[in-house]
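Sequential numbering from 17 applies to the sequence shown in our numbering.
Below you'll find the structure, written out as structure tokens, and then a few comments.
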Amino acid sequence: MNFLATYTMRSRTSAVVVVLVAAILSLLLPPFSYLSGAALGLVTLRHGGRDGLVVMALAASLFVLPALVSGGSGMVAIFAAVVWFPVWLLALLLRQTVSLPLVVVAAMLLGAMSVVAIHLALADPEAWWRGKLELLQPVLSEAGWNEIDIRQGLDVLAGAMTAMLAGAVMVTPLISLFIARWWQAQLYNPGGWRKEFHELRMPAPLMWVAAAVVVVALATSGGMQRLAGDLLLLFMLGYMLQGLGVIHNLVYRRGLHVGWLVALYALLLIIPQIAVLVAVVGIVDSWADFRSRIEPDAS
17 MNFLATYTMR
27 SRTSAVVVVL
37 VAAILSLLLP
47 PFSYLSGAAL
57 GLVTLRHGGR
67 DGLVVMALAA
77 SLFVLPALVS
87 GGSGMVAIFA
97 AVVWFPVWLL
107 ALLLRQTVSL
117 PLVVVAAMLL
127 GAMSVVAIHL
137 ALADPEAWWR
147 GKLELLQPVL
157 SEAGWNEIDI
167 RQGLDVLAGA
177 MTAMLAGAVM
187 VTPLISLFIA
197 RWWQAQLYNP
207 GGWRKEFHEL
217 RMPAPLMWVA
227 AAVVVVALAT
237 SGGMQRLAGD
247 LLLLFMLGYM
257 LQGLGVIHNL
267 VYRRGLHVGW
277 LVALYALLLI
287 IPQIAVLVAV
297 VGIVDSWADF
307 RSRIEPDAS
């Protein structure tokens, strides 16, 4: 995708074109939203927050017409709030601090803010989600699902929805930012992104914060317990990213085939529970520092 990064950096107009076209395509294929955010992130990383804001504003103003055709002008505000603004904010932070761990923590805070907002707005988030998910029951029944299985499945899903939403708030802008940082390295600092991601390590105090949240989840009940439980997913995702950094580092330094990484990501998509194991790798690495023990491949 180097050509896309090169075209994005050609001029402000070309950057707006990439951000806008990818946003429009995302109405049909949602993954294009990552490319839209990545183009905005690349501009912000390279030229600063002001240029990023100008590109975002121009793209938003031009996005109104296709958004009206497909679902109303409110879609522009939603897209800007969910995709563009978080990416711009994180890219600006990364540009100023050059600290990927700090940016991941900032993304975790965005997710945590969404959890707190939901719990403040809804007396019982799980019951609220359960009511919304009831709309799926007739569809699942027509598909041949057992009534008991449907109810049990929807109950489990309702309990996880707030955490899943918070995880999306955290991970979505990070994916775009990671693509943007990769593009930036390809254009201006070859190998820079690999080094940055391979060395990703969560700040040491984060472990104690995570431990405190675990204690709250175990020692309390009711709303406080649910709040702490929803926050735990964010910590897991943060340490999962560190675990992925460890694994990428291992594959690179040992000269292993890239197929190992392809298999890992395939497993993460097929069996999401694998993410917990990768997070454990990240947590243990915080104490054991696996990467300092990895010997480069002699060949």
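The C-beta atom is built at its ideal place from N, Cα and C for all residues, glycine as well.
Please read all numbers here as calculations on a predicted model, not as lab measurements.
The region 54 to 115 contains, as complete alpha helix (DSSP H) runs of 4+ residues, the segments 65 to 86, 90 to 95, 101 to 113 (chain order).
Following the DSSP letters along the chain, one finds residue 217 in no alpha helix (DSSP H), marked with neither H nor E. In the three-state reduction of the DSSP assignment, residue 46 falls in the coil class.
Here the alpha carbon of residue 93 sits roughly 43 Å from the alpha carbon of residue 307.
DSSP, read as helix, strand or coil, puts residue 276 in helix. Rounded to the nearest angstrom, the Cβ distance from residue 35 to residue 55 is 5 Å, consistent with a contact under 8 Å. Burial is judged here by how many other beta carbons sit within 10 angstroms of a residue's own beta carbon; residue 188 has at least 16 and is buried. Around the C-beta of residue 107, 16 or more other C-beta atoms lie within 10 Å, and the residue is accordingly described as buried.
Taking the CA atoms as reference points, residue 138 sits about 24 Å from residue 95.
Secondary structure of residue 166 (DSSP, three-state): helix.
Of 64, 81, 100, 91, the smallest CA-CA separation from residue 72 is found for 100. Bounds of the alpha helix (DSSP H) holding residue 241 are 238 to 269. Across the set 238, 290, 193, 265, the C-alpha of 265 shows the shortest separation from the C-alpha of residue 311. Straight through space, the alpha carbons of residue 171 and residue 144 are spaced by roughly 11 Å. Taking the Cβ atoms as the reference, residue 75 lies roughly 23 Å from residue 122, outside the contact range of under 8 Å. Residue 248 and residue 229 do touch by the CB rule: their CB atoms are close to 6 Å apart, below 8 Å. For residue 18, the enclosing alpha helix (DSSP H) begins and ends at 18 to 24. Closest option to residue 244, judged by alpha-carbon separation, among 238, 251, 233, 254: 233. Around the beta carbon of residue 246, a 10 Å sphere encloses 16 or more other beta carbons of the protein chains shown; the residue is thus reported as buried.
Comparing alpha-carbon positions, the option among 59, 268, 58 lying closest to residue 214 turns out to be 268. DSSP places residue 138 outside both helix and strand once states are collapsed to three, so it counts as coil. With fewer than 16 neighbouring CB atoms inside 10 Å of its own CB, residue 282 falls in the exposed class.
A distance below 7 Å between beta-carbons, with the five flanking residues on each side excluded, links residue 50 to the following residues of its chain, in chain order: 191, 192, 195. In this structure, the beta-carbon distance from residue 166 to residue 156 falls below 9 Å.
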